[in-house]
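Trainee: Please read through the structure below; I'll follow up with questions.
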Amino acid sequence: MKIAAVPAPSSGPGASAPAAFKALSTAGRLARHGLHGLLALQAIRAALRLGFAATAAMAAGRLVMDAAVDPWLIAAALAFLAAACFAGFAADSVQASAENAVSTRLRTLAGERLSEMPARQLQSLSIGSLVVSMQRHPESIAALQVGHRAATAMMAAGPLLSALVLCFVSWQAALLIICLTPVMVLFFALIGNAIRRRADAQERAFGRLAGQFADRIRTLPTILANHAMAGEEAKLARRLEAYADKTMSVLRIAFANAGIIDFFASLSIALLAVFLGLGHLKLATIPGFSGLELWQSLFILMIAPEYFAPFRRFSEQYHAKAEGQAAAAALDRLLDAEPVAAKTLPALDRLRLTLPAHGLIAIVGPSGSGKSTLLRRLAGLESGAMPTPETHPLATGEIAWVSTDAYVPEGSLAEAISWNAGAVDRNRLEDVASAIGLLDDALLPGGLDARLDKGGANLSGGQRLRIAVARALLCGRAVLADEPTAKLDRNTAEAVRRMLVEISTTRLVVVATHDRDLSAAADTIVDLARGDAVEVAA
Amino acid sequence: MSAAFQPSSRKSWRLATGFAFAALACATLLGGVSAWLLGSVAIAGLSAAAFTFNFHIPAAFIRLFAIGRTAARYGERLTGHQAALADQLSRRVGFFAAMAAAPAVRRAGWQFGDDARLADYLDDVEDLDYARLRAGLPALTLACGLTVLIVGSAALAPLSLLPIGLLLLAILFMGNRVAKAGALALGQTRSLRRGGASRLGAAMASAVPLKAERAWSHECAEALAALSGADGELLALRRLQARLDMIGAVFGPVAGIGVMAAAWHAGRLGSELLLPMLLAFSWLALGEAVNGASRMLVAVLRRNAARAEVDQWTRGASRDRHVPTPRSFEPRMLLHGGLQRRAPDGRPIGALLALHLEKGRPTMLAGASGSGKTSLLKQIAGWIGEDGFAAGDRILSAAERRALAALVLHDAVILEDTVRANLFAGDVPDAALWRALEAVEMDSRIREAGGLDAWIRQDRFSLGEVQRINLARAWLSSRPLMLLDEPTEHLDDEQGQRILERLLAHLDDRIVVVSIHRAPPLRDVRTVELQP
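First to last, the protein sequences are chains A and B. Each residue of the first sequence is one higher than the one before, counting from 1 in full-length UniProt numbering. Each residue of the second sequence is one higher than the one before, counting from 1 in full-length UniProt numbering.
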């Protein structure tokens with residue numbers, strides 16, 4: 001009996017691509033709350049440190065000048081110190097928590113994004129880079145959006161606060177260090193440019209050498225198999241050396257950045273100490289630097305480093321910015337990848353067939369004719385025309401999928417088989433595992449308690465497939481099987497066929513197959529090569 | 001190799017240490033002497049002594065310290081990195097060689113083919129590379145600075161040793177706690193990360209079945225939760241670090257206050273307090289260096305964890321990497337009367353197998369997926385087990401066969417290098433390389449990529465193309481024992497057959513063993529059916 005194919009209504013193009021992920025701005029939004037708290041704490045810490053500097057300078061100055069020192073001054077200095085340190089502790093904790101919260105949330109959002117992605121697109125992603133990305137990138141992005149941004153903000157707030165406090169003692173001293181700042185920033189900009197130019201040049205000339213160690217570790221078995229060890233070892237040494245040389249030439253400039261901050265911080269102390277000293281000696285009358293009490297000049301001396309400290313903290317974070325931006329770009333690339341277009345398969349669109357509640361349906365046809373695509377459409381993984389099931393749509397999740405890439409969780413063989421199969425009786429498990437030949441497998445000793453490596457790394461495709469078939473038998477759902485007998489030896493293939501036929505007496509089993517013996521056992525054969533016809537076996 | 005780099009690194013370390021001491025000394029003295037100067041001039045300014053006060057020498061010293069601190073810091077950073085990079089170079093080359101000599105690399109499933117594992121390994125190696133720069137050097141200078149200032153305090157204001165000692169004890173106590181908890185947290189982080197990564201990798205590899213069964217979201221979320229759990233462990237460590245840093249931040253100022261208070265308590269007044277003030281401000285400056293204590297500690301913890309992890313990959317490395325067999329020895333046949341096949345972990349598989357491998361007549365190992373074809377090839381190649389094969393009147397050991405065999409792995413990869421380097425053919429003329437590429441039908445693809453000296457990477461090629469480059473390596477190999485593992489995998493049937501026939505014809509003067517999933521109809525081959 002032949003059923004003429006009636007054109008099925010073609011479905012529209014797939015859902016339009018979702019809005020871009022924008023890891024950086026998303027993280028920025030997530031970070032906002034924690035960032036405010038962090039900034040407040042850092043500002044409080046800076047203020048308390050200034051308070052300590054003031055009281056400590058006052059006490060020391062008065063002691064040296066033989067003036068009476070109030071005990072409350074010492075107490076206040078200690079109190080300021082303790083409070084500043086505690087505020088520092090709180091700021092560090094809040095920063096750690098905020099970064100953690102942002103990275104965790106970002107990872108969850110990325111996970112949701114992955115869950116929305118169609119299977120075809122997921123398959124097109126490189127597993128390795130996705131795993132690395134999910135593992136590391138949220139953390140780097142969080143560090144940029146919390147720690148680095150706080151350091152940037154404090155670079156403005158910290159020095160201003162110091163200068164303000166300095167004004168109480170000597171506005172001229174405040175002016176002096178404020179005047180040093182633009183000079184410093186100018187140097188910053190100049191050096192920053194030079195670093196960028198040199199780093200770019202290095203990247204162009206030597207970027208290839210950056211990952212050579214990692215690459216040679218990755219490719220080690222290939223190198224050994226080709227007897228290339230001696231040559232590769234010498235080459236690696238040469239390349240690492242060349243790269244180290246070039247790295248040093250970039251560092252020579254990059255460290256100048258930190259050097260400038262050191263220089264201005266040191267210079268400010270030296271300048272202030274000399275000016276203030278001359279003032280005390282009354283050898284020179286410099287407005288704002290003479291006629292001061294000792295405690296006042298000690299205070300100025302203590303504030304100067306505080307003024308430059310935020311710049312130093314910021315410069316220590318220079319790599320956090322580059323790292324975070326690179327991480328955000330990588331994450332965006334992964335999650336905003338162009339949807340992979342499905343191949344057009346007119347044969348599938350012409351197909352019209354009602355799926356029975358039970359029975360074995362074999363989809364046959366040459367490679368590339370759309371067998372797997374049809375299975376995916378049945379599972380609701382891809383949009384497009386597909387046969388209508390008689391009872392209920394398959395895509396509601398009542399499916400057991402059988403293929404060589406079946407999921408195998410970490411644990412014992414018994415756990416792998418009963419995963420996602422509901423409650424299973426141990427005896428029944430044993431019967432099924434034995435019927436499919438999983439228990440007498442020499443490569444997997446230990447029976448049902450055999451340990452499977454993480455991700456089933458110690459399983460062959462055939463073993464995975466048999467686990468999936470056993471699981472399909474136990475779970476009671478409709479079965480979609482993609483090439484269930486390929487890659488199996490004769491006996492095992494026979495066992496798989498028997499089991500699929502057994503399942504099909506009570507449930508719907510759809511197989512995409514090249515296997516003639518399997519299609520011969522089917523109740524219905526859908527031949528995609530013929531395009532216009534479906535054969536139904538007797 | 002590594003010995004050649006040793007002297008330069010030692011010299012750099014010595015220089016870096018010198019710079020580090022100079023930098024710390026200048027920094028502490030800059031603060032101390034400036035304060036002392038201000039105090040002195042303030043006292044001198046009260047009397048006629050102002051006119052005789054020698055202002056220029058201390059002022060010159062202050063300028064010297066300021067410039068010295070800047071220059072020494074720069075020098076410390078530069079030479080420190082130079083030393084660390086020199087160490088890195090010799091260490092990495094050493095790791096590479098030791099890993100190659102370790103048995104793990106020849107077993108099944110190279111772990112570092114996996115990006116996540118490789119990235120973790122690189123982190124470990126980097127932790128080793130920079131431990132000395134991040135922890136060793138600063139800890140050494142800090143300890144010396146502390147010693148000098150403690151001695152000074154003992155001389156000038158003995159009573160100040162009480163708060164200093166107490167705080168040092170508190171720092172040591174807290175540091176010890178951080179060290180213990182931190183080692184635990186790092187271990188926990190590692191295992192959570194690894195678990196999450198492999199779970200996510202497994203879920204990604206089974207994306208279609210999981211999506212079909214509506215189990216994807218759950219699995220993915222669980223894997224990501226494990227990764228976030230690892231971050232949570234690190235968060236706990238950072239909180240502990242913050243506590244240590246809090247005590248560290250108190251240290252310098254309290255020491256300074258302690259010195260002043262103790263000196264005052266001892267009855268020193270006015271100008272007698274100038275030296276204690278110098279000391280107190282030096283303590284303040286040194287306190288800045290104590291602030292990095294928690295980072296040094298964590299660098300040490302990371303180094304220890306990394307060392308244990310990295311060593312595991314070089315364990316069992318054999319020292320004798322030179323195999324005695326002369327390359328010129330060409331066995332005509334290899335025999336084994338009853339080979340006990342072994343899985344990569346050494347477990348015996350199946351019944352004894354008689355193998356008769358001879359020149360000019362390829363042996364096809366056929367069998368279903370999981371029947372142990374790759375393992376048998378590795379056993380013949382001498383990568384697994386210690387079997388001897390008879391070759392005429394001599395017995396070839398595993399190590400000797402390793403030297404004679406070209407093992408063409410089915411999961412061979414592309415090195416990030418030129419096409420020429422990827423063919424591993426040494427000084428073979430270009431024409432021969434192109435002939436090999438033509439034979440595997442990759443010549444036009446390589447021409448398109450830029451020719452033999454084009455720089456290539458794995459991710460620019462499809463699996464089929466990688467396989468064909470791999471077969472070109474086999475074509476160019478001159479080893480007498482050629483072992484091809486699934487040479488037609490990832491190729492379409494016709495192309496696979498074409499290339500395999502060409503390759504076998506080219507290799508007709510060698511002993512060839514081919515593992516194959518579905519044996520193609522080939523003339524004059526011996527087929528061995530493997531049963532699991």
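Glycine is no exception: its CB is placed at the ideal position from the N, C-alpha and C atoms.
With 7 Å as the threshold, decide whether the Cβ of Thr-141/B is near any Cβ in chain A.
Mentor: no
Trainee: Which residue from Ile-141/A, Leu-355/A, Ala-77/A and Val-340/A puts its Cα closest to that of Ile-525/A?
Mentor: Leu-355/A
Trainee: Determine, for Glu-489/B, whether the minimum Cβ-Cβ distance to residues of chain A falls below 7 Å.
Mentor: Cβ-Cβ to chain A under 7 Å: no for Glu-489/B.
Trainee: Assuming contact is defined by CB atoms lying nearer than 7 Å, are Ala-263/B and Ala-155/B in contact in what I supplied?
Mentor: Going by C-beta atoms, Ala-263/B is not nearer than 7 Å to Ala-155/B.
Trainee: Should the segment 359-370 of chain A be regarded as contacting the segment 505-513 of chain A, the criterion being three or more beta carbon pairs within less than 8 Å?
Mentor: The segment 359-370 of chain A vs the segment 505-513 of chain A: in contact.
Trainee: Within 10 angstroms of the Cβ of Trp-313/B, are there 16 or more other Cβ atoms? Answer buried if so, exposed if not.
Mentor: buried
Trainee: Taking just the CA atoms, how far does Trp-283/B sit from Ala-53/A?
Mentor: Looking at the two C-alpha atoms, the distance is approximately 14 Å.
Trainee: So with Cβ pairs under 7 Å, would you call Pro-310/A a contact of chain B?
Mentor: no
Trainee: First and last residue of the beta strand (DSSP E) that includes Asp-509/B?
Mentor: Segment: none, Asp-509/B is in no beta strand (DSSP E) and carries neither H nor E.
Trainee: Would you identify the three-state DSSP class for residue 583/A, choosing helix, strand or coil?
Mentor: The question about residue 583/A has no answer, for chain A in this structure spans 1 to 538.
Trainee: According to DSSP, is Gln-340/B helix, strand or coil?
Mentor: strand
Trainee: Between the C-alpha atoms of Ala-153/A and Ile-178/A, what's the straight-line distance to the nearest angstrom?
Mentor: 17 Å
Trainee: Compare the C-beta of Gln-340/B with all C-beta atoms of chain A and state if any pair is closer than 7 Å.
Mentor: no
Trainee: Closest by CA to residue 616/B, which one among Ile-349/B, Ala-135/B, Gly-270/B and Val-254/B?
Mentor: The structure shown does not extend to residue 616/B, since chain B is modelled only from 1 through 532, so no value can be given for it.
Trainee: Pull up the distance between the alpha-carbon of Asn-427/A and that of Gly-437/A, whole angstroms please.
Mentor: For Asn-427/A and Gly-437/A, the gap between their C-alpha atoms comes out near 15 Å.
Trainee: Can you list, in chain order, the residues of its chain with a C-beta nearer than 7 Å to that of Leu-415/B? Leave out the 5 residues immediately preceding and following it.
Mentor: Ala-421 and Asn-422
Trainee: Given Asp-524/B, which residues of its chain have a CB within under 7 Å of its CB, disregarding the five upstream and five downstream residues?
Mentor: Excluding positions up to five away in sequence, the list reads Arg-361.
Trainee: Tell me which residues of the segment 194-225 of chain A have at least one Cβ-Cβ distance to chain B shorter than 9 Å, keeping chain order.
Mentor: Arg-208, Gly-211, Gln-212, Phe-213, Ala-214, Asp-215, Arg-216, Ile-217, Arg-218, Thr-219, Leu-220, Pro-221, Thr-222, Ile-223, Leu-224 and Ala-225
Trainee: From the DSSP secondary-structure annotation, give me the bridge partner or partners of Pro-348/B.
Mentor: BP columns for Pro-348/B point to Arg-342/B.
Trainee: Using a Cβ-Cβ distance under 7 Å, would Thr-70/B count as near chain A?
Mentor: yes
Trainee: List, in order along the chain, the chain A residues whose C-beta lies closer than 8 Å to that of Ser-228/B?
Mentor: Ser-228/B reaches chain A at Ser-103, Thr-104, Arg-107 and Thr-108, counting residues in chain order whose Cβ is nearer than 8 Å.
Trainee: Just to confirm, are Gly-28/A and Gln-135/A a CB contact at a threshold of 7 Å?
Mentor: no
Trainee: Is residue 542/A close to chain B, meaning its C-beta is less than 7 Å from at least one C-beta of that chain?
Mentor: What is shown of chain A runs 1 to 538, which leaves residue 542/A out entirely.
Trainee: For Ile-399/A, return the contacting residues in chain B, with the cut-off set at a CB-CB distance below 9 Å.
Mentor: Ala-212, Glu-213 and Arg-214
Trainee: Determine, using beta carbons only, whether Ala-174/A and Ala-163/A come nearer to each other than 7 Å.
Mentor: Using a Cβ distance threshold of 7 Å, Ala-174/A and Ala-163/A count as a contacting pair.
Trainee: Is DSSP giving Ala-450/A helix, strand or coil here?
Mentor: coil
Trainee: Give me the DSSP bridge partner(s) of Glu-358/B.
Mentor: Met-333/B and Arg-361/B
Trainee: Using a cut-off of 8 Å between C-beta atoms, extract the partners of Gly-45/B located in chain A.
Mentor: His-280, Leu-281 and Lys-282
Trainee: What are the residues of the segment 403-415 of chain A that lie near chain B, defined by any Cβ-Cβ distance shorter than 9 Å?
Mentor: Ser-403, Thr-404, Asp-405, Ala-406, Tyr-407, Val-408, Pro-409 and Glu-410
Trainee: Quick one: grab the DSSP three-state call for Leu-439/A.
Mentor: Leu-439/A: coil per DSSP, three-state reduction.
Trainee: Which full runs of the beta strand (DSSP E) of 3+ residues lie inside the segment 393-420 of chain B, going along the chain?
Mentor: 394-396 and 405-408
Trainee: In whole angstroms, what is the alpha-carbon distance linking Phe-86/A and Ser-170/A?
Mentor: 29 Å
Trainee: Can you pull the chain B neighbours of Gln-123/A, defined as C-beta to C-beta under 9 Å?
Mentor: Met-204, Ala-207 and Val-208
Trainee: Would you kindly report the start and end of the unbroken beta strand (DSSP E) that includes Ile-363/A?
Mentor: 359-364
Trainee: For Ser-515/B, which of helix, strand or coil comes out of DSSP?
Mentor: strand
Trainee: In the DSSP assignment, find the alpha helix (DSSP H) that holds Trp-72/A and state where it starts and stops.
Mentor: It spans 71-116 - the alpha helix (DSSP H) in which Trp-72/A sits, taken as one unbroken run.
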